[in-house]
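Chemist:
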Amino acid sequence: MFHRATYVVVLLAALAVCDVAAQQKKKIVGSSTPLAPDEKPTSSWFGAYVGPTFASQGGTFTTSCNCDFTGGAGTGFVGGLMFEDKTTSKIILGGQLGYDSRGLTGRFREIEGSQQTSPSGRSYVVPVEFLNEASLSLDVVSASVYAKYLFLGPVYGRFGVTAGYVVSSSLIHTKALQTKTVTFPNGELANVALPGARDGVVIVQEEAVPYLNPLQMGAIGALGVEIPVRKVERKFGPPAVTTYLSPVIQYHFPITNITAQGNSFQLRQLQFFIELRHNI
């Protein structure tokens, strides 16, 4: 009898300890209790993002005719999926996996000597103005990791690193005739003729980007605002936010060069996108 009673007491004590431990575990992961409702539970979030990007050129890009382009700019598109895990009430770790369309166009004008024939049949080399234009585009699959900090209510900043792989690229260099007519040394006037031109435009180079570095590394910094768009009522404590909408402005600073053809040729991006994240 004594041994049976002792066994029952020990069993009840063990059950009590397990129950207390279970309640403590619930509280740690963010579940509310009647005595201590948790207002900011630790949680994970899954979502998507999409938006436009604005690119600017760093360094110099050189095409096949040894033409140097600087100061290029362009627009693109970014979109993908994201995951975040809240480690504390203010610090969040996250990652993104997406598609990035990057592109820019550079231009410069030049005057070249061009051989033209006068109405009387004489040949002269006369100065002719051209507009050179090089358009480059990259399709990139990218992944990034970052740390996010809520520093002013719903306003947050985040910093991280990103790696992208260029799955396709293209480069088109054209020369557009700007001079329409010329006056020859003998006083004759004629329209400028450009062999091989179509509507006054000659394609100098059209191919995939030569000497491309397919692995593109960079750093990112962003500012955003968390806007709650869906809440659910809880039995204890205030309503819990389950969905956030966040407008974000992000700067992508490249670390690697795009190609070896040129001098420190890089593509910087200013990105504006919308994130939609849901508690999972």
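Its first residue numbered 895, the sequence shown is counted upward by one per residue in my numbering.
Note that the Cβ used here is the ideal one computed from N, Cα and C, for glycine as well.
From GLY989 to ALA1116, what does the alpha carbon distance come to, in whole angstroms?
Modeler: Whole-angstrom Cα-Cα distance: 13 Å.
Chemist: Helix, strand or coil: which one does DSSP assign to GLN1009?
Modeler: Strand, per DSSP.
Chemist: Roughly how many whole angstroms lie between the Cα atoms of THR976 and GLY997?
Modeler: With the sequence shown as reference, residue 976 is identified as Met, and Thr is not the correct amino acid for it. Rounded to whole angstroms, MET976 to GLY997 spans 23 Å at the Cα level.
Chemist: Among LEU1083, SER1038, GLN1099 and THR1136, which residue has its Cα nearest to the Cα of HIS1067?
Modeler: It is GLN1099 whose Cα lies nearest to the Cα of HIS1067.
Chemist: Using the beta-carbon count (16 or more within 10 Å), is ASP994 buried or exposed?
Modeler: By the 10 Å Cβ count, ASP994 comes out buried.
Chemist: At which residues does the beta strand (DSSP E) containing LEU1046 begin and terminate?
Modeler: Note, LEU1046: beta strand (DSSP E), 1017-1046.
Chemist: Does ILE1066 come out as helix, strand or coil in the three-state DSSP assignment?
Modeler: Strand, per DSSP.
Chemist: Who does ILE1104 pair with in a DSSP beta bridge?
Modeler: What sits at residue 1104 in the sequence shown is Pro, not Ile. Its beta-bridge partners do not exist; DSSP assigns none.
Chemist: What do you reckon, are the CB atoms on VAL1095 and GLN1010 nearer than 7 Å?
Modeler: Cβ atoms of VAL1095 and GLN1010: not closer than 7 Å.
Chemist: Reducing DSSP to helix, strand and coil, say where VAL1123 ends up.
Modeler: Strand, per DSSP.
Chemist: How big is the Cα-Cα spacing for VAL1022 and PRO946?
Modeler: Taking the straight line joining both Cα atoms gives about 38 Å.
Chemist: Using the three-state DSSP reduction, which class does LYS980 fall into: helix, strand or coil?
Modeler: If DSSP states are grouped into helix, strand and coil, LYS980 belongs with the strands.
Chemist: Taking DSSP's pairing of strands, which residues face ILE985 in a bridge?
Modeler: According to DSSP, which records beta bridges pairwise, ILE985 is partnered with TYR1043.
Chemist: Starting from GLU1169 and walking both ways along the beta strand (DSSP E), at which residues does that stretch end?
Modeler: That run of the beta strand (DSSP E) goes 1156-1173.
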